[in-house]
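Here is the structure we will look at, set down as structure tokens.
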Amino acid sequence: MQLFPFGHATHPQWQMAAGLVLAQVRAQMALHGYAAAPTLGLLYITDHYAAAAQDILDHLGAELPEVTDWAGTVGVGIASSNVEYFDEPAMAVMLCALPSDQFRVFSGVAPLAASFRAHTALVHADAATPDVAELIAEMADRTATGYLFGGLASSRSDVVQFAVGGNGNLSGHGHAGGVFRGGLSGVAFAEGVQVVSRITQGCQPVALPRSITGADGNLVTELDGEPALDVLLEDLRLSLDEPQAAMATLRTTLVGLTQASEDVVGRTGHFGSDVVVRHILGLDPRRRGVAVANKVDEGMRLAFCRRDAEAARADLVRICAEIREEFEPEELPLAAAAALATPDPLAPPSPATSTMAGAIYVSCAGRGGPHFGGPSAEMQIVRRALGDVPLVGFFAGGEIGRKNLYGYTGVLTVFR
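Residue numbers (numbering that gives the first Met the number 0): 0 to 415.
Here it is as structure tokens:
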């Protein structure tokens with residue numbers, strides 16, 4: 000698979016930003032190793048451009064007639080290789096060269112046809128949609144692997160999604176132009192489109208997993224047969240006799256939850272992808288319980304964890320390293336190995352040394368550069384750890400990985 004052309008730009012006028020993006024992708028399409036005949040366009044815009052969503056989609060479709068399908072959404076921030084755009088008008092585009100029979104764009108107006116055998120799917124969703132978590136789980140059940148990746152659109156103005164297929168409109172769209180509000184949309188991929196995806200929750204477990212042996216709604220009353228509050232204080236080495244110190248630690252402490260049949264902590268010592276991380280809402284001294292931001296049931300597994308910049312950075316590097324291990328051959332020619340070991344930061348990725356065609360990164364709007372120490376710091380970590388791979392994405396109001404809806408999470412997906 001050839002490298003996916005991509006471009007990104009910021010400008011007060013969307014027409015100027017689009018012109019800069021088009022210049023970038025056209026220049027790459029003329030280079031050896033990049034796709035010259037892409038079929039699927041991924042478009043992400045910041046909410047500054049939300050009111051002009053239809054005009055932007057129409058313009059890009061007219062300028063790139065060879066691209067028959069489009070998908071994407073809006074975010075309070077968007078991402079591309081090595082850069083994050085927050086609180087400024089910007090757009091990012093990646094053009095994917097995929098066989099037309101190996102993917103289908105879908106939306107709430109034109110759902111995925113039952114005849115298409117989906118293997119995985121990129122999903123964009125509106126957080127205001129009723130029962131959105133259940134709809135995401137149902138969509139996962141429609142894929143052979145049960146694996147979705149994507150996120151909830153985030154916007155301070157209009158919440159829009161892009162979904163255009165085939166001849167400009169999906170069957171059932173009528174006179175719609177491909178810009179939608181509400182529900183789910185995205186791209187389903189057949190087995191021939193190979194992706195590797197990892198989830199980073201930015202957390203490090205601080206204690207061994209426990210079984211929930213007592214629960215009442217959102218309140219965990221017992222862990223391994225002991226009062227939950229006592230276990231929390233023991234695991235974190237805290238005392239309520241020193242409330243200020245205890246509260247300072249509790250503010251950065253969360254819980255990782257999963258079902259009894261699933262591992263909380265994976266072989267690397269980090270949370271597995273089935274774990275959902277939720278905040279601690281409060282303590283109940285009378286019942287010796289711990290209230291968490293999720294309904295809990297007896298039999299579930301729980302581990303206390305911390306979330307801070309150091310933990311988030313380490314976990315992000317971990318998933319990038321795992322993906323690189325999936326892609327890089329066990330033995331490389333000496334020249335190729337040297338190129339990977341000391342990459343030129345200004346050089347484009349080399350088709351001779353990379354089997355990654357492109358990547359999509361969806362991160363929480365509460366993460367981004369400031370959480371990692373500076374402007375664009377999150378994407379710079381991804382680039383250093385993963386390599387210089389064509390990448391676009393957005394900062395979401397909730398992240399989708401497998402069948403779950405997460406928060407404060409990053410979902411990185413790479414096309415093989």
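Here a beta-carbon is modelled for each residue, glycine too, at the ideal position from N, C-alpha and C.
Point to revise | Rounded Cβ spacing between Ala162 and Gly177 (contact assumed at less than 8 Å) | key: Start at 1 with the first residue of the sequence shown, and residue 162 comes out as number 163. Start at 1 with the first residue of the sequence shown, and residue 177 comes out as number 178. About 6 Å separates the two Cβ atoms, so the contact holds.
Point to revise | Through-space distance from Ala313 to Ala424, alpha-carbon basis | key: The structure shown does not extend to residue 424, since the chain spans only 0 to 415, so no value can be given for it.
Point to revise | beta strand (DSSP E) runs wholly inside the stretch 107-168, at least 3 long, in chain order | key: 119-124, 146-151, 160-163
Practice item. Find out if the Cβ-Cβ distance for the pair Gly396, Arg366 is shorter than 8 Å. Key: Here residue 396 corresponds to residue number 397 of the sequence shown, with the count starting at 1. Here residue 366 corresponds to residue number 367 of the sequence shown, with the count starting at 1. The answer is no: Cβ separation not under 8 Å.
Check your understanding: According to the neighbour-count rule (16 or more other Cβ atoms, all chains shown, within 10 Å of its Cβ), is Ser79 buried or exposed?
Key -> Counted from its first residue, the sequence shown places residue 79 at position 80. So Ser79 ends up on the buried side.
Review point. In chain order, what residues of the same chain lie with their CB nearer than 8 Å to the CB of Ile318, ignoring the 5 residues before and after it?
Key: Reading the sequence shown from its first residue, position 319 is the one you call residue 318. If we look at Ile318 and ignore the five residues flanking it on each side, its Cβ neighbours are Arg197, Ile198, Thr199, Gly409, Leu411.
Check your understanding: Using the C-alpha atoms, what's the distance from Val73 back to Asp46?
Key -> Along the sequence shown, one-based indexing puts residue 46 at 47. Along the sequence shown, one-based indexing puts residue 73 at 74. Their Cα atoms are separated by approximately 6 Å.
Practice item. Kindly indicate which three-state DSSP category Val388 falls into: helix, strand or coil? Key: Here residue 388 corresponds to residue number 389 of the sequence shown, with the count starting at 1. It is coil, neither helix nor strand.
Review point. DSSP three-state call for Val276: helix, strand or coil?
Key: Against the sequence shown, residue 276 aligns to sequence position 277. Note: Val276 maps to strand in three-state DSSP.
Check your understanding: When you compare only the Cα positions, how much space is there between Pro11 and Arg401?
Key -> In the sequence shown, the residue the question calls residue 11 occupies position 12. In the sequence shown, the residue the question calls residue 401 occupies position 402. Approximately 36 Å, taken between the alpha carbons.
Review point. Taking the C-alpha atoms as reference points, what is the distance between Leu30 and Phe371?
Key: In the sequence shown, counting from the first residue as 1, residue 30 sits at position 31. In the sequence shown, counting from the first residue as 1, residue 371 sits at position 372. The straight-line gap from Cα to Cα measures roughly 34 Å.
Check your understanding: Excluding the five sequence neighbours on either side, which residues of its own chain have a C-beta within less than 6 Å of the C-beta of Met355, listed in chain order?
Key -> As a first step, residue 355 is located in the sequence shown; it is residue number 356 there, counting from the start. Contacts found: Phe326, Val388, Val413.
**Study point:** Helix, strand or coil at His370 according to DSSP, with G and I counted as helix
**Key:** Taking the first residue of the sequence shown as position 1, residue 370 is located at position 371. Residue state, collapsed to three classes: helix.
Review point. So what does DSSP say about Tyr48, is it helix, strand or coil?
Key: Reading the sequence shown from its first residue, position 49 is the one you call residue 48. It is helical.
Exercise for review: Following the continuous beta strand (DSSP E) through Met93, name the residue where it begins and the one where it ends.
Suggested key: Start at 1 with the first residue of the sequence shown, and residue 93 comes out as number 94. It spans 89-95 - the beta strand (DSSP E) in which Met93 sits, taken as one unbroken run.
Review point. Going by alpha carbons, who is nearest to Tyr405 out of Gln203, Leu151, Ala376, Pro129?
Key: Along the sequence shown, read from residue 1 onward, the residue named residue 405 stands at position 406. Ranking the options by Cα distance to Tyr405, first place goes to Leu151.
Review point. Hey, would you say Arg323 sits closer than 8 Å to Asn81, going by beta carbons?
Key: Against the sequence shown, residue 323 aligns to sequence position 324. Against the sequence shown, residue 81 aligns to sequence position 82. Going by C-beta atoms, Arg323 is not nearer than 8 Å to Asn81.
**Study point:** Nonlocal neighbours in the same chain, by C-beta distance under 6 Å from Asp54, ignoring five residues either side
**Key:** Start at 1 with the first residue of the sequence shown, and residue 54 comes out as number 55. Cβ within range, chain order: n/a, list empty.
Check your understanding: Leaving out the 5 sequence neighbours to the left and right, which residues in its chain are closer than 7 Å to Tyr48 when beta-carbon positions are compared?
Key -> Your numbering for residue 48 matches position 49 in the sequence shown. Taken in chain order, the residues that qualify are Trp13, Ile55, Pro88, Met90.
Practice item. Check His7 in the structure and name its three-state DSSP category. Key: Position 8 of the sequence shown holds residue 7. Here His7 sits in strand by DSSP.
Practice item. Figure out for me which residue from Glu398, Gly191, Leu94, Gly60 has the closest Cα to the Cα of Val24. Key: Taking the first residue of the sequence shown as 1, we reach residue 24 at position 25. Closest by alpha carbon: Leu94.
Practice item. Mind checking who Trp69 pairs with in its DSSP beta bridge? Key: Counted from its first residue, the sequence shown places residue 69 at position 70. According to DSSP, Trp69 bridges with Gly40, Val163.
Practice item. Have a look at Val158, Arg103, Ala247 and flag the residue whose alpha-carbon is nearest the alpha-carbon of Ala440. Key: Any property of residue 440 remains undetermined from this structure, which presents the chain solely from 0 to 415.
**Study point:** Same chain, Cβ closer than 6 Å to His7, five either side skipped, listed in chain order
**Key:** For the purposes of this step, residue 7 is identified with residue 8 of the sequence shown, where counting begins at 1. Cβ neighbours of His7 beyond the five flanking positions: Ser79, Ala91.
Review point. With burial defined as no fewer than 16 other Cβ atoms inside 10 Å of the residue's Cβ, what is the status of Gln258: buried or exposed?
Key: Taking the sequence shown and counting its residues from 1, one reaches residue 258 at position 259. When all chains shown are included, Gln258 counts as exposed.
Check your understanding: Residue range of the beta strand (DSSP E) that Phe270 falls in?
Key -> Here residue 270 is taken as the residue at index 271 of the sequence shown, counted from 1. Segment: none, Phe270 is in no beta strand (DSSP E) and carries neither H nor E.
Review point. Can you tell which of Leu239, Ala143, Ala136 has its C-alpha closest to the C-alpha of Thr119?
Key: If you number the sequence shown from 1, residue 119 lands on position 120. Of the candidates Leu239, Ala143, Ala136, the one whose C-alpha sits nearest the C-alpha of Thr119 is Ala143.
Check your understanding: Of all the options Thr248, Leu21, Val122, Ser154, which has the alpha carbon lying nearest to the alpha carbon of Ala50?
Key -> Here residue 50 is taken as the residue at index 51 of the sequence shown, counted from 1. The shortest C-alpha separation from Ala50 is found at Ser154.
Review point. Measuring CA to CA, which of Ile380, Gly216, Gly165, Phe188 is closest to Met138?
Key: Within the sequence shown, residue 138 is the residue found at index 139, counting from 1. Taking only the C-alpha atoms, the option nearest Met138 is Phe188.
Check your understanding: Taking the continuous beta strand (DSSP E) assigned at Gly76, which residues delimit it?
Key -> Position 77 of the sequence shown, counted from the start, is the residue given in the question as residue 76. It spans 76-79 - the beta strand (DSSP E) in which Gly76 sits, taken as one unbroken run.
Review point. Does the distance from the C-beta atom of Leu97 to that of Arg103 stay below 8 Å?
Key: Start at 1 with the first residue of the sequence shown, and residue 97 comes out as number 98. Start at 1 with the first residue of the sequence shown, and residue 103 comes out as number 104. Contact: no.
Check your understanding: According to DSSP, is Ser422 helix, strand or coil?
Key -> Nothing in the structure corresponds to residue 422, since the chain is present only between 0 and 415.
Practice item. Let me know the secondary structure DSSP gives Asp234 once reduced to three states. Key: Locating residue 234 in the sequence shown gives position 235, counting from the first residue. If DSSP states are grouped into helix, strand and coil, Asp234 belongs with the helices.
**Study point:** Sheet register partners of Ala407 (DSSP bridge)
**Key:** Reading the sequence shown from its first residue, position 408 is the one you call residue 407. The sequence as given places Tyr at residue 407; Ala does not occur at that position. Beta-bridge pairing links Tyr407 to no other residue.
Review point. Since Val289 contacts Leu231 with CB under 8 Å, what's their CB separation in whole angstroms?
Key: The count along the sequence shown starts at 1 and reaches residue 289 at position 290. The count along the sequence shown starts at 1 and reaches residue 231 at position 232. Yes, they are in contact, since the Cβ atoms of Val289 and Leu231 sit about 5 Å apart, within 8 Å.
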